[in-house]
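> With the sequence shown counted from 1, adding 389 to any position gets you this note's numbering. Following this message is one structure expressed as structure tokens.
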Amino acid sequence: MMKVAIFPGGFDPLTRGHLDIIKRGSQLFDELAVVVNSEVDKESIFTVDERVEQIKYLMSPYDNITVITANELNVKLMDRIGAQYLIRGLRNTTDFQRERDVASMNVHLDNRVETVFMLTDPKYQHISSTLIREYAKSGKDVSDYLPAMVAKQLEEKIQEIKQQ
Numbered sequence: 390m391m392k393v394a395i396f397p398g399g400f401d402p403l404t405r406g407h408l409d410i411i412k413r414g415s416q417l418f419d420e421l422a423v424v425v426n427s428e429v430d431k432e433s434i435f436t437v438d439e440r441v442e443q444i445k446y447l448m449s450p451y452d453n454i455t456v457i458t459a460n461e462l463n464v465k466l467m468d469r470i471g472a473q474y475l476i477r478g479l480r481n482t483t484d485f486q487r488e489r490d491v492a493s494m495n496v497h498l499d500n501r502v503e504t505v506f507m508l509t510d511p512k513y514q515h516i517s518s519t520l521i522r523e524y525a526k527s528g529k530d531v532s533d534y535l536p537a538m539v540a541k542q543l544e545e546k547i548q549e550i551k552q553q
């Protein structure tokens, strides 16, 4: 039986921490679907389509990674695409507490769902997409935490926002 996992998130912007989890997850599973949450957030910098294209481009060397969008409960999506595993990255104890509760609810909704927690690389544990957006908007250099392509696109988006 193929081991299929999903890694859902907003990925706005996609960070090096996200990439680390995606790459490591792709080594554990036969197929990994990176799921870009398609709900529009008023704080978003990148559109859903832009995020999908970024991830597709960066993950193109990996044969077992696909990128999809979804606006449904993860357990429903997993059932629909035949995934058995849900990957979640953990940066700290706050993440763990929230993700533990979500994992418990997911099992309640569908006892076939297995959540796999992956610890974030220590060099990325202190960052989040929200923090990156805030710092970038204030003019701080966040390029160390982003793939080069995403950093360049983020800088361009911030300039667009400032010109409006």
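Positions of the beta carbon are idealized from the N, C-alpha and C atoms, including for glycine.
Kindly indicate which residue of F418, G528, A537 and Y446 has the alpha-carbon position closest to the one of N453.
That would be F418, whose Cα lies nearest to the Cα of N453.
> Is F400 closer than 8 Å to S518 when the C-beta atoms are compared?
Yes, they are a contact pair.
> How long is the line joining the alpha carbons of I411 and A525, rounded to whole angstroms?
Rounded to the nearest angstrom, the two C-alpha atoms are 23 Å apart.
> Identify which residue in L543, Q552, I547 and E549 has its Cα closest to the Cα of Q443.
Among L543, Q552, I547 and E549, the Cα nearest to that of Q443 is on L543.
> Tell me T508's beta-bridge partners as DSSP assigns them.
Rather than Thr, the amino acid found at residue 508 in this sequence is Leu. DSSP lists L479 as partners of L508.
> Tell me the rounded alpha-carbon separation between M494 and T483.
Roughly 17 Å between the two C-alpha positions.
> What residue does the beta strand (DSSP E) around H459 start on, and which one ends it?
The question names His, but residue 459 is Ala in the sequence shown. I454 to A459 is the span of the beta strand (DSSP E), which, as asked, contains A459.
> Where are the alpha helix (DSSP H) runs, 4 residues long or more, that stay fully inside the stretch 485–539, in chain order?
Counting only runs of 4 or more, we get 518–526.
> Under 8 Å Cβ to Cβ from T458, same chain only, skipping five residues before and after it: list those, please.
For T458, where only same-chain residues beyond five positions count, the Cβ hits under 8 Å are V424, V425, N426, S427, V437 and V441.
> A492 and T509 - do their beta-carbons sit closer together than 8 Å?
Not a contact, by the Cβ cut-off of 8 Å.
> In chain order, what residues of the same chain have a beta carbon less than 8 Å from the beta carbon of M507, not counting five sequence neighbours either side?
Once the five neighbours on either side are set aside, the close Cβ partners of M507 are I410, R413, G414, I476, R477, G478 and L479.
> Report the partner residues of E420 according to the DSSP bridge assignment.
Its beta-bridge partners are V393.
> How is the alpha helix (DSSP H) around L466 delimited, first residue to last?
Segment N463 to I470, the alpha helix (DSSP H) holding L466.
> For G398, name the three-state secondary structure that DSSP assigns.
Of the three classes helix, strand and coil, the one that applies to G398 here is strand, per DSSP.
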